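In the numbering used here, the protein residues as written are 133 to 240.
For every residue, glycine included, the Cβ atom is placed at its ideal position computed from N, Cα and C.
Computed from a predicted structure; not experimentally measured.
Notes follow the structure.
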């Protein structure tokens with residue numbers, strides 16, 4: 133999958149360009165904070181617009197393929213979250229193991 137830069141997403145949004153459906157969904161690492169330096173006042177809100185011209189025109193086969201891609205993405209996301217949950221649970225066990233003497237002393 134092509135990696136899309138933050139700048140490209142912002143540029144597309146500000147210009148009104150439409151990107152491929154679900155192309156801007158990201159898996160954010162929980163342990164790292166990424167700062168995006170873009171002032172909110174620059175993200176102006178205009179009057180509501182008719183967006184029907186942006187809706188994908190698909191035949192039955194294309195629609196089925198798009199649904200399969202979305203379901204695959206959701207499965208991938210669930211797998212990522214499951215692994216992340218396992219990592220955090222392991223981290224908690226290791227932490228509790230390291231501090232078990234303190235827990236006994238202080239009855240935490």
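For residue j and residue i, the rounded distance between their alpha carbons
i, j, result
"residue 234", "residue 222", "19 Å"
"residue 202", "residue 191", "17 Å"
"residue 182", "residue 227", "54 Å"
"residue 225", "residue 217", "12 Å"
"residue 210", "residue 204", "10 Å"
"residue 220", "residue 195", "37 Å"
"residue 199", "residue 229", "45 Å"
"residue 168", "residue 231", "36 Å"
"residue 188", "residue 208", "24 Å"
Residue closest to residue i, alpha-carbon to alpha-carbon, out of the options
i, options, result
"residue 146", "176, 204, 171", "176"
"residue 171", "142, 210, 150", "142"
"residue 180", "238, 237, 148", "148"
"residue 153", "178, 197, 174, 237", "197"
Distance between beta carbons of residue j and residue i, contact taken as under 8 Å
i, j, result
"residue 136", "residue 155", "6 Å"
"residue 186", "residue 150", "5 Å"
Jot down the residue ranges of each uninterrupted alpha helix (DSSP H) in the region 141–210, minimum 4 residues, whole runs only, in chain order. none
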